[in-house]
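Numbering (the numbering used here), first residue to last: 306 to 498.
As structure tokens, then:
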């Protein structure tokens with residue numbers, strides 16, 4: 306575990322979906338692009354899949370969404386989630402509750418650092434963030450507060466999942482793009498101050 310607390314050691318974020326060609330690479334590239342704008346070199350965002358299509362590039366429709374967001378979808382290869390990948394992370398963002406469960410089953414110590422993307426987006430507005438902290442320190446200080454809020458916050462858990470668009474209609478891809486973009490925008494708006 307890295308638990309970055311200064312500018313010399315980047316804060317590590319992992320995004321996780323099933324095949325690692327749609328949702329998690331979109332989240333990875335969106336976050337890395339936005340984080341680099343304000344805090345270059347202070348964050349490392351990666352992705353992996355619980356049932357990865359190892360070696361595959363990003364799905365073409367998702368690659369187009371990534372380009373439209375201003376990020377780069379190139380130079381990507383899907384990879385399988387492993388305990389070794391997990392142990393290096395400060396924060397793991399799962400794309401569904403099922404992925405979160407698989408992450409915690411694989412590495413129980415990750416429970417306190419694993420949220421679904423939409424869950425974290427829902428929790429951050431209700432926690433009191435330290436306004437004097439910025440960059441990785443702000444992200445690190447927000448996680449324990451979001452964890453406490455998770456047990457106190459009620460909500461429909463199914464709303465914490467981002468739909469898997471793989472091999473589905475254009476409408477499903479669009480719904481995934483909207484849900485994921487909104488959640489990631491909410492997270493970065495809360496934590497990039």
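C-beta atoms are modelled at their ideal positions from N, C-alpha and C, and glycine is treated no differently.
None of the values given here were measured: they were computed from a predicted structure.
Spatially closest choice to residue i from the options, by CA coordinates
i, options, result
"residue 377", "368, 383, 385, 384", "368"
"residue 504", "322, 366, 361, 381", "No statement about residue 504 is possible, as the shown extent of the chain runs from 306 to 498 and does not include it."
"residue 495", "481, 469, 439", "439"
"residue 323", "387, 348, 346", "387"
"residue 347", "479, 431, 443", "443"
"residue 412", "476, 432, 389", "389"
"residue 433", "402, 458, 450, 341", "450"
"residue 431", "457, 321, 361, 379", "457"
"residue 361", "401, 379, 479, 469", "379"
"residue 493", "401, 341, 314, 479", "341"
8 Å Cβ cutoff met for residue i and residue j
i, j, result
"residue 334", "residue 467", "no"
"residue 319", "residue 353", "yes"
"residue 355", "residue 404", "yes"
"residue 482", "residue 393", "no"
"residue 381", "residue 330", "yes"
Backbone CA spacing between residue i and residue j [nearest angstrom]
i, j, result
"residue 311", "residue 424", "At residue 311 the pLDDT is 47, less than 50, meaning the model places this residue with poor confidence; the figure from the coordinates comes in the next sentence. When rounded, the distance between both Cα atoms is 26 Å."
"residue 385", "residue 429", "29 Å"
"residue 350", "residue 435", "23 Å"
"residue 452", "residue 396", "12 Å"
"residue 464", "residue 339", "24 Å"
"residue 325", "residue 375", "20 Å"
"residue 477", "residue 485", "12 Å"
"residue 306", "residue 418", "Note that residue 306 scores 49 on pLDDT, short of 50, meaning its location in the model is unreliable and no value can be drawn from it."
Contact belief for residue i with residue j at Cβ below 8 Å, rounded distance in angstroms
i, j, result
"residue 488", "residue 422", "5 Å"
"residue 491", "residue 426", "4 Å"
"residue 415", "residue 391", "6 Å"
"residue 359", "residue 383", "6 Å"
"residue 497", "residue 337", "Not really, about 13 Å apart at Cβ, beyond 8 Å."
Identified DSSP bridge partners for residue i
i, result
"residue 350", "318"
"residue 420", "398"
"residue 385", "354"
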